[in-house]
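Novice: Numbering of the sequence shown is given in UniProt numbering, commencing with residue 1 and proceeding in unit increments.
Heads up, the beta-carbon is just placed ideally off N, CA and C, and yes, glycines get one too.
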Amino acid sequence: MDEKNQVEPAIGMAEGAGHFSLETEDTPSPKAEPVSTWTPDGEKPADAAASGSMPDEDTVIAAIATVYDPEIPVNIYELGLIYAIDLHEDGSVKVEMTLTAPNCPSAQELPVQVKEAVEKIDMVTTATVEIVWEPPWDMSRMSEDARLALNMF
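1. Between which two residues does the alpha helix (DSSP H) holding Lys115 run?
2. Could you please give me the residues that DSSP links to Ala127 through a beta bridge?
3. Please classify residue 156 as buried or exposed, where buried requires at least 16 neighbouring CB atoms within 10 angstroms.
4. Ile72 and Leu79: beta carbons closer than 8 Å?
5. Between which two residues does the beta strand (DSSP E) carrying Asp86 extend?
6. Which stretch, first to last residue, makes up the alpha helix (DSSP H) that contains residue 197?
7. Based on Cα-Cα distance, which residue from Pro136, Glu89, Met97, Ala101 lies nearest to Ile64?
8. What residue from Asp69, Trp137, Pro135, Glu57 has the CA that sits closest to Lys94's CA?
9. Given 8 Å as the limit, is there contact between the stretch 138 to 147 and the stretch 112 to 121, that is, 3 or more CB pairs closer than that?
10. Just to confirm the assignment, what range does the alpha helix (DSSP H) spanning Glu57 have?
11. Might you give, ordered along the chain, the residues of its own chain that have their beta carbon closer than 6 Å to the beta carbon of Thr100, omitting 5 neighbours on each side?
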């Protein structure tokens, strides 16, 4: 094969479904440590996550408690929609939550709001929110404060 017919790898070519690289095939990708992470609220220093400090559960609960179901004047934590909060040493947080019903009109927005609220915490590097349906939610999961606010004794 002569030099005229050789094709140099293109930069920015799609490498497969869902994967995109700006590197050529023969260019090694350096594994540099990130200096900071961009968020809509500004940059977070990368060393906050690297320090091994993980967020505490009370801080995560307080962040989740800022999210309200638009149809009910009680936050979703007091409603009993949060089933599990997993905190990891790398700063990642996994939240398992449910909805009051499978056909809840807020099914699309509530998990996103929970994820965004948790990711605002300084020590959180990433948050994932999973919707679970087992066990099904019922009013017995509501806190006493939520029952008082909704006149459900």
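Specialist: Quick look at the numbers:
1. 109 to 119
2. Val93
3. No statement about residue 156 is possible, as the shown extent of the chain runs from 1 to 153 and does not include it.
4. yes
5. 82 to 87
6. Residue 197 is absent from the structure shown; the chain starts at 1 and stops at 153.
7. Met97
8. Glu57
9. no
10. 57 to 64
11. Trp137
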